[in-house]
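A.B. asks: Here's a structure for you.
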Amino acid sequence: AQKVTQAQTEISVVEKEDVTLDCVYETRDTTYYLFWYKQPPSGELVFLIRRNSFDEQNEISGRYSWNFQKSTSSFNFTITASQVVDSAVYFCALSEIPDSGGYNKLIFGAGTRLAVHP
Amino acid sequence: DAGVTQSPTHLIKTRGQQVTLRCSPKSGHDTVSWYQQALGQGPQFIFQYYEEEERQRGNFPDRFSGHQFPNYSSELNVNALLLGDSALYLCASSLEGEGNYGYTFGSGTRLTVV
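Chains as they are written, first to last, in our numbering: chain D, 3 to 120; chain H, 22 to 135.
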C-alpha cells in the first residue's frame, strides 16, 4: 500500500531561519510521482513541485529546495531564509503513474504546519 | 484565467440530511477529482470523474456519490450525513494525458454537520 509520513506536525521558526520539512513515503510501485503542496489559511492547495521517481536530481527554486533520496524513500523540502509569508501547512503527496498518462489519485501525508515569526 | 471554482464556500447541515457540493474546473481541464480533508489531516481521495464517468474511487461509502456534466463541471453528493462528514471538501481539476503538471485545487467547501 502507498503511504506518506510527515513526522513533524508543527514547526515554529523565526524569520530568516532555514527550515526543513521531512517526508518519507512507501510504495511498491517502481514508477511514481512525488509532490509538495502549500495550503495557506484560504484553503486551496498550491502546487510547489512534482518529482518523477526516475529523476533523483535535487532541485532549487529561489528560496525553496528539494532533496529526493530514493534509497531512503525520502523527499525533503527546505526553505532558506524563511519569511512570514511562508507560514502555512505543507503537504507531501505520492501518486503512481498510470499507463494512460494523466494522474492517478494523490496520497497525502498529514501535513506540517509551519509558523514563521517576525 | 479562472482556476477551480467551488460552491458554496461554507455550509451547515443537520445529521441525516443530504448535501450537494459543486465544482467548476479550470478552463481547459477535463478531469475532476474530489478530496475530503478532516481538520488537522491531509486530504483523502474520494473519487475521480472523466468523460462523465467515475473511473477511480477511494475508500468512501456509497453515501458519497458524484456526477460530471458535459461541460466538465462536477457535483459531489453526500446522503445521510454523519457528524464525521464534517470536513473541507476540495475539488481538483486536471487535463487527461497532460502528464507534466499537478492538479489545480479549488479553495474548498467547508461542511459542518451538526
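For each residue, glycine too, the CB sits at the ideal point set by N, CA and C.
#1: In three-state terms, what does DSSP make of H/LYS34?
#2: Just checking D/PHE49 against the ligand MG - is the residue's beta carbon closer than 7 Å to any of the ligand's heavy atoms?
#3: Using 10 angstroms around the beta-carbon of D/ALA95, count the other beta-carbons present and answer buried if the total reaches 16, otherwise exposed.
#4: With a Cβ-Cβ cutoff of 8 Å, do D/VAL86 and D/THR114 count as a contact?
#5: Which whole-angstrom value is the C-beta distance of H/TRP55 and H/LEU97, which I expect to be below 8 Å?
#6: List, in order along the chain, the chain H residues whose C-beta lies closer than 7 Å to that of D/ALA3?
#7: Three or more C-beta pairs under 8 Å: does that hold for the segment 14-30 of chain D against the segment 40-49 of chain D?
#8: In whole angstroms, what is the alpha-carbon distance linking H/GLY24 and H/PHE126?
#9: Does D/LEU47 have its Cβ less than 8 Å from a Cβ in chain H?
#10: Label D/HIS119 either buried or exposed according to how many other C-beta atoms from any shown protein chain fall within 10 Å of its C-beta, with 16 as the threshold for buried.
#11: Does the Cβ of H/ILE33 have 16 or more other Cβ atoms within 10 Å, making it buried, or fewer, making it exposed?
#12: Within its chain, find whatever has a CB closer than 6 Å to the CB of H/SER114; leave out the 5 residues flanking it on each side and keep chain order.
#13: Between the segment 49-65 of chain H and chain D, which residues of the former have a C-beta closer than 9 Å to a C-beta of the latter?
#14: Rounding to the nearest angstrom, what Cα-Cα distance links H/THR30 and H/ARG131 in this structure?
#15: Which value, in whole angstroms, describes the spacing of the CA atoms of D/ARG53 and D/ALA117?
#16: With distances taken from CA atoms, which of H/TYR70, H/VAL135, H/THR35 is nearest H/TYR93?
#17: If the cut is a Cβ gap below 9 Å, which residues of chain H does D/PHE93 touch?
#18: Can you pull the chain D neighbours of H/SER128, defined as C-beta to C-beta under 7 Å?
#19: Between the alpha carbons of H/ASP208 and D/ILE62, how many angstroms are there, rounded?
#20: May I ask you to report which of helix, strand or coil DSSP gives H/ASN121?
#21: Going by DSSP, which residues form a beta bridge with D/TYR34?
#22: What number of angstroms, rounded off, separates the C-alpha of D/PHE110 from the C-alpha of H/LEU102?
C.D. replies: The relevant details are as follows:
#1: Locating residue 34 of chain H in the second sequence gives position 13, where the first residue counts as 1. H/LYS34 falls in the strand class under three-state DSSP.
#2: As presented, the structure is devoid of all ligands, the ligand MG included, so that no description of it is given.
#3: Indexing the first sequence from 1 puts residue 95 of chain D at position 93. By the 10 Å Cβ count, D/ALA95 comes out buried.
#4: Counted from its first residue, the first sequence places residue 86 of chain D at position 84. Counted from its first residue, the first sequence places residue 114 of chain D at position 112. By the CB criterion at 8 Å, D/VAL86 and D/THR114 fall outside the cutoff.
#5: Along the second sequence, one-based indexing puts residue 55 of chain H at 34. Along the second sequence, one-based indexing puts residue 97 of chain H at 76. Going by Cβ atoms, the distance from H/TRP55 to H/LEU97 rounds to 5 Å, so yes, they are a contact pair.
#6: The residue you call residue 3 of chain D lines up with position 1 of the first sequence. Here the premise fails: no neighbours, minimum Cβ distance about 11 Å.
#7: No, the segment 14-30 of chain D is not in contact with the segment 40-49 of chain D.
#8: What you label residue 24 of chain H is simply residue 3 of the second sequence in a count that begins at 1. What you label residue 126 of chain H is simply residue 105 of the second sequence in a count that begins at 1. If you take the alpha carbons of H/GLY24 and H/PHE126, they lie about 8 Å apart.
#9: In the first sequence, residue 47 of chain D corresponds to position 45, counting from 1. For D/LEU47, a Cβ of chain H is located within less than 8 Å of the residue's own Cβ.
#10: For the purposes of this step, residue 119 of chain D is identified with residue 117 of the first sequence, where counting begins at 1. Exposed, by the Cβ-count rule.
#11: Along the second sequence, one-based indexing puts residue 33 of chain H at 12. Counting Cβ neighbours within 10 Å, H/ILE33 comes out exposed, since fewer than 16 surround it.
#12: Against the second sequence, residue 114 of chain H aligns to sequence position 93. Cβ within range, chain order: VAL25, PRO46, LYS47, HIS50, VAL53, THR125.
#13: Residues of the segment 49-65 of chain H with a C-beta less than 9 Å from any C-beta of chain D: THR52, SER54, TYR56, GLN58, GLY61, GLN62, GLY63, PRO64, GLN65, listed in chain order.
#14: Looking up residue 30 of chain H in the second sequence gives position 9. Looking up residue 131 of chain H in the second sequence gives position 110. Using only the alpha carbons, I get a separation of about 6 Å.
#15: Taking the first residue of the first sequence as position 1, residue 53 of chain D is located at position 51. Taking the first residue of the first sequence as position 1, residue 117 of chain D is located at position 115. In a straight line, the C-alpha of D/ARG53 is about 25 Å away from that of D/ALA117.
#16: Here residue 93 of chain H refers to the residue found at position 72 of the second sequence. It is H/TYR70 whose Cα lies nearest to the Cα of H/TYR93.
#17: Here residue 93 of chain D refers to the residue found at position 91 of the first sequence. Residues of chain H passing the Cβ test: GLY63, PRO64.
#18: For the purposes of this step, residue 128 of chain H is taken as residue 107 along the second sequence, with counting starting at 1. Result: SER44, GLY45, GLU46.
#19: Here chain H comprises residues numbered 22 to 135, so residue 208 of chain H is not present and cannot be evaluated.
#20: Numbered from its first residue, the second sequence carries residue 121 of chain H at position 100. Only weak support is given to the placement of H/ASN121: the predicted model assigns it a pLDDT of 49, under 50, and the value that follows is read from those uncertain coordinates. When secondary structure is reduced to three states using DSSP, H/ASN121 falls in the coil class, being assigned neither helix nor strand.
#21: In the first sequence, counting from the first residue as 1, residue 34 of chain D sits at position 32. D/TYR34 is bridged to D/GLU98.
#22: Locating residue 110 of chain D in the first sequence gives position 108, counting from the first residue. Locating residue 102 of chain H in the second sequence gives position 81, counting from the first residue. Taken atom to atom, the span from the alpha-carbon of D/PHE110 to that of H/LEU102 is near 24 Å.
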